[in-house]
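According to my numbering, the sequence shown is numbered sequentially starting from 593.
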Amino acid sequence: MWTRDSSCKSTILEAWSSFVRGSPSFSLHSKIKTTRFALRRWNRSKFGHCQRNISLLQNLISSIQSREPTIENRHMEDALVGDLNELLMREEIMWRQRAKQKWLKDGDANTRFFHLSTIIHRRYNTIHSLKNSSGSFVHSWFDIGTLFHSYFKDLFTSSNPSYPLDLENIIPCIVSDEDNRGLLSIPTPCEIKKTVFSMAANKTPGPDGMSPLFYKTYWDIVGIDVVKAVTHFFETGHLLKAMNHTFITLIPKSDKANKVEQFRPISLCNGRNFKCF
C-alpha cells in the first residue's frame, strides 16, 4: 500500500541519509530503526484515517451529484472519484496483506472477505486453553504460559549424559576443502542482491519491521548499506546482536492441539538478515 504513494520514497530517503558512526552492521541496523519510526509517523499522517477519508469522499461525491450538472461540477466529481478509487485500492491492499491469502492476486475489491479472513486467522492463532498433566484445562494467560515454560525448560535441560570420546570419528567428513572454501568466500554484491530479490515480497516482517518488499522496492537507497553489512559479516564473522533478535511463536502440530507437547516453537527472524548472512 505504501509503495503506491510517491512521498513514501522521499520519506525513506530522508531517514536513510542520516549519518551513523559505527560498523556497517550497526549503521544498517540504526538506519532501519530510524526509517521505521519515520515511516510510522508518515503512515499516521497519510493513511491513519483511511476509512474516515473514504466516507468523507463518498459524501462529497453524493453532494456534487445532487447539484446542477455543470462542467465545473463534473470535473470536481471526476477528481474526487479518482481520489476515492485510490483510497479503496489502498484499503483492499491493506486487508489483503493482513489476510495473507497467497493464492489471491489482483482481483475485485472485497474488503469484507479480507477482514473476515484476518479475524479468523487471529482467532485460529490464539491459544484459548490447554490441558495440564492432571487432565484439567487451564484458561488464563498466566497458567498457559506457566505450562509452556515448565515443559520447554525440562525439555531443553540436559541430564549430562556420557558420550563416546571418539564421536567425531564416527561422523564421516562430507564437506570437501573446496566446498569449505566456497562456504567461507565473501559473496559479491550481485549475489547479495540476488538473494534479497529471491525472497517473497510480502512475507511477514521480522523484529526489524521490514518485509522483503521494502528492500526490493527501495534497493537503490538501501542496497549499498545491506551489501556493506553482509560483506563485513563475512570478513569478520561478527553479527550485531540486535540483528540476531527473533520472535518466538508456537505452531500447533495438529488442528486440535490442546497439550503443550502438541506445539513446536519456531523463531521468526529478520528474513533479510538470515537469508543474506
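Just so it is clear, CB atoms sit at the ideal spot from N, CA and C, and this is done for glycine as well. In this text the structure is predicted, and so the values were computed from the model without any measurement.
Review point. Using the rule of at least 16 other Cβ atoms within 10 Å of the residue's Cβ for burial, across every protein chain shown, is Val767 buried or exposed?
Key: Val767 is exposed by the Cβ-count criterion.
Exercise for review: Could you tell me which of Phe826, Lys845 and Ser619 sits nearest to Ile858, measuring between CA atoms?
Suggested key: With distances taken between Cα atoms, Ile858 lies closest to Lys845.
Exercise for review: Please state whether DSSP places Ile646 in a helix, a strand or coil.
Suggested key: Here Ile646 sits in helix by DSSP.
Review point. Three-state secondary structure (DSSP) at Ser654?
Key: The answer is helix: DSSP assigns Ser654 an H, G or I state.
Point to revise | Continuous beta strand (DSSP E) stretch holding Phe611: start and end | key: Run containing Phe611: none; DSSP gives neither H nor E here.
**Study point:** Nearest-angstrom beta carbon gap, Leu679 and Asn645 [assumed within contact, 8 Å]
**Key:** A Cβ-Cβ separation of about 6 Å places Asn645 in contact with Leu679 under the 8 Å criterion.
Check your understanding: Looking at the unbroken beta strand (DSSP E) that takes in Thr838, where does it start and where does it end?
Key -> From DSSP, the beta strand (DSSP E) with Thr838 extends over Thr838 to Pro844.
Check your understanding: Per DSSP, which one or two residues make a beta bridge with Ile858?
Key -> DSSP output for Ile858 lists Thr841 as bridge partner(s).
Check your understanding: Are there three or more Cβ pairs, one per stretch, closer than 8 Å when the stretch 770-779 is compared with the stretch 822-839?
Key -> At 8 Å Cβ cutoff, the stretches touch.
Review point. How many whole angstroms separate the CB atoms of Ile656 and Leu676, which I take to be in contact at a CB cut-off of 8 Å?
Key: A Cβ-Cβ separation of about 12 Å leaves Ile656 out of contact with Leu676 under the 8 Å criterion.
Exercise for review: Give the DSSP-derived three-state secondary structure of Phe805 in the structure shown.
Suggested key: In the sequence under discussion, the amino acid at residue 805 is Leu, which differs from the Phe named in the question. Here Leu805 sits in helix by DSSP.
Exercise for review: Go to Leu831, then tell me how far its alpha helix (DSSP H) extends in each direction, as first and last residue.
Suggested key: Run containing Leu831: none; DSSP gives neither H nor E here.
Review point. How would you write the range of the alpha helix (DSSP H) that Arg773 sits in, first residue to last?
Key: Bounds of the alpha helix (DSSP H) holding Arg773 are Asp769 to Leu776.
Exercise for review: Quick one: give me the first and last residue of the alpha helix (DSSP H) that Pro781 is part of.
Suggested key: Pro781 to Phe789 is the extent of the alpha helix (DSSP H) around Pro781.
**Study point:** Status (buried if at least 16 other CB within 10 Å, exposed otherwise) for Ala792
**Key:** It is exposed - the Cβ of Ala792 has fewer than 16 other Cβ atoms within 10 Å.
Review point. Asp746 lies in the alpha helix (DSSP H); which residues open and close that run?
Key: Start and end: Trp733 to Leu747.
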